[in-house]
Structures are given as structure tokens and as C-alpha cells.
Amino acid sequence: GAVVSQHPSRVICKSGTSVKIECRSLDFQATTMFWYRQFPKQSLMLMATSNEGSKATYEQGVEKDKFLINHASLTLSTLTVTSAHPEDSSFYICSATQGRAGRSDYEQYFGPGTRLTVT
Amino acid sequence: DAKTTQPPSMDCAEGRAANLPCNHSTISGNEYVYWYRQIHSQGPQYIIHGLKNNETNEMASLIITEDRKSSTLILPHATLRDTAVYYCIVRVGRNYGGATNKLIFGTGTLLAVQP
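Rendered as C-alpha cells:
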């Protein structure tokens, strides 16, 4: 099956610094990638949708200047948390789909997640 | 907002069938029912999906009522490794572009398989 990886799996950073999380589709070309955030004992919350070669679409309430998303290639998307603060500590999960416009019955594959702790 | 309703938790004895219900009374004609699960501290895992016919794969079976307003995910022989949060999601199946690809997660059902 399709595999999505994330790097790093966990990261600890100091308040005020920026941290970059990578999401890669290993054996397929991902036209669309998604970024989710999950706080303890809560469900996944979609942050943004990213199509290769275009700007990301952010969900309501998500600060686009704080969570920078780049999807420069069909196998890589990055999420940069800028000027991180303790409240940004969370589990960040990406997913990817190879679906193209007009294609039916496509799947979304998830990465293993990145645990971010801001001290 | 999530379009599905699931019980917050269920228990199941190891080796028995686990039947997880989901209500989706406002489902549209072009929306599929998807099931994912999330084992603690891991990314979600796809299980199965269907439109109106019952579906079966190596992991589970999906039973969708005739009016499509509810469905049941069946794990035929639950094991301890099936302990996870199970999410039922409705979504358009055809890819019209980025916005319709979205998976909106509700609170899911925490299935605890007991030894």
C-alpha cells in the first residue's frame, strides 16, 4: 500500500524558535497533501490543504503566517511552525492523496505523526 | 462539522466480533462512508469505505442500511491490537478538487478489546 513518512517523529524546541516538519509520499505522487493537528484526548483537526505547486488553503482559525506550508514537489510537503509557543505543542499529522480531478474512489494515506513539544 | 454520530466508547471480548455503529442521517447521494482507525500516538489507518452496497476486505466488513442513514463496521474476530479509536467519516468520493478531498474527523469510538 501507499506509504507516507514524516520527519522528525518528535521534536522539542524552545519558545520563539521555528520548527519544520516534513511529509513525504514514498511510493506515489501526492497531488494533494493535508496537515492535521491533534491535542491530547481530542480528535484530528484539519489545518490546511495543500496542492502541489499552489498556495495552501487554510481552515478557518488557522494562522497562515504562523503555520507555513510548502508543497513544492509531488512527494514532499513541509509545515513550518514559526515562533513556536508552548500552546503549539501538539501531534501534527500529514496525509496525502494521489487523486486527480475527475478520479473517483481515491484514498488518503496518513503519516505516522510528529510530536512537537515547545518549552 | 462532522456529519456522523458515533458512541464514544465500546468494549469487545477478544476473538468476538466487534460491531461499531455510525449514524449519518444527512448523507448526500454522492457521499461515501469511510472508516479509519487510530491506534494511540499513530497516524490514522484506512479500513474500508462504501457507497451503498455492503463491502468486505481483509480487515473488516461495512454494512450500510438501505436508506444510507447509518452503517456498521464489523471486525469479525477482534484482537488486542484492534484497540483504537474508530472514525466514521462521510465524504464525496469523486475528486472535484482539493476542497472535496477533505476528511473531517469527529470524535470517533474508542474500541477497547478485552482479553
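The listed protein sequences derive, respectively, from chains A and B.
According to the working numbering, the stretch in the first sequence is residues 1 to 119, in order.
According to the working numbering, the stretch in the second sequence is residues 1001 to 1115, in order.
All C-beta atoms, glycine included, are put in the ideal place defined by N, C-alpha and C.
Since we're looking at a predicted model, the values are computed, not measured.
{"Asked": "What residue range is occupied by the uninterrupted beta strand (DSSP E) comprising B/D1011?", "Found": "1009-1013"}
{"Asked": "Take the Cβ of B/D1011 as the centre, count every other Cβ of all protein chains shown within 10 Å, and call the residue buried at 16 or more, exposed below.", "Found": "exposed"}
{"Asked": "If you follow the beta strand (DSSP E) that B/G962 is part of, which residue opens it and which one closes it?", "Found": "With chain B covering 1001 to 1115 only, the question about residue 962 of chain B has no answer from this structure."}
{"Asked": "By the 10 Å Cβ neighbour count, where 16 or more other Cβ atoms means buried, how is A/Q60 classified, buried or exposed?", "Found": "exposed"}
{"Asked": "What number of angstroms, rounded off, separates the C-alpha of A/K55 from the C-alpha of B/G1015?", "Found": "48 Å"}
{"Asked": "Since I believe A/A96 is in contact with A/S25 (beta carbons under 8 Å), could you give me their beta-carbon distance rounded to a whole number of angstroms?", "Found": "5 Å"}
{"Asked": "Taking only beta-carbon positions, decide if B/Y1086 is within less than 8 Å of chain A.", "Found": "no"}
{"Asked": "Whole angstroms are fine: how far does the CA of B/N1019 sit from the CA of A/V4?", "Found": "29 Å"}
{"Asked": "Who are the neighbours of B/Q1006 on chain A, taking C-beta pairs under 9 Å?", "Found": "Going along chain A, no residue has its Cβ under 9 Å from B/Q1006, so there is no contact; the nearest lies around 11 Å."}
{"Asked": "Just list the residues that DSSP pairs A/Q6 with in beta bridges.", "Found": "A/C23"}
{"Asked": "For A/E87 and A/V81, what's the separation of their Cα atoms in angstroms?", "Found": "12 Å"}
{"Asked": "Whose C-alpha, out of B/I1064, B/L1103, B/T1079, is nearest the C-alpha of B/T1072?", "Found": "B/I1064"}
{"Asked": "Please go through the same chain and pick out, in chain order, the residues whose beta-carbon is closer than 7 Å to the beta-carbon of A/V118, but skip the five residues on each side of it.", "Found": "C13, S15, A84, H85, P86, D88, S89"}
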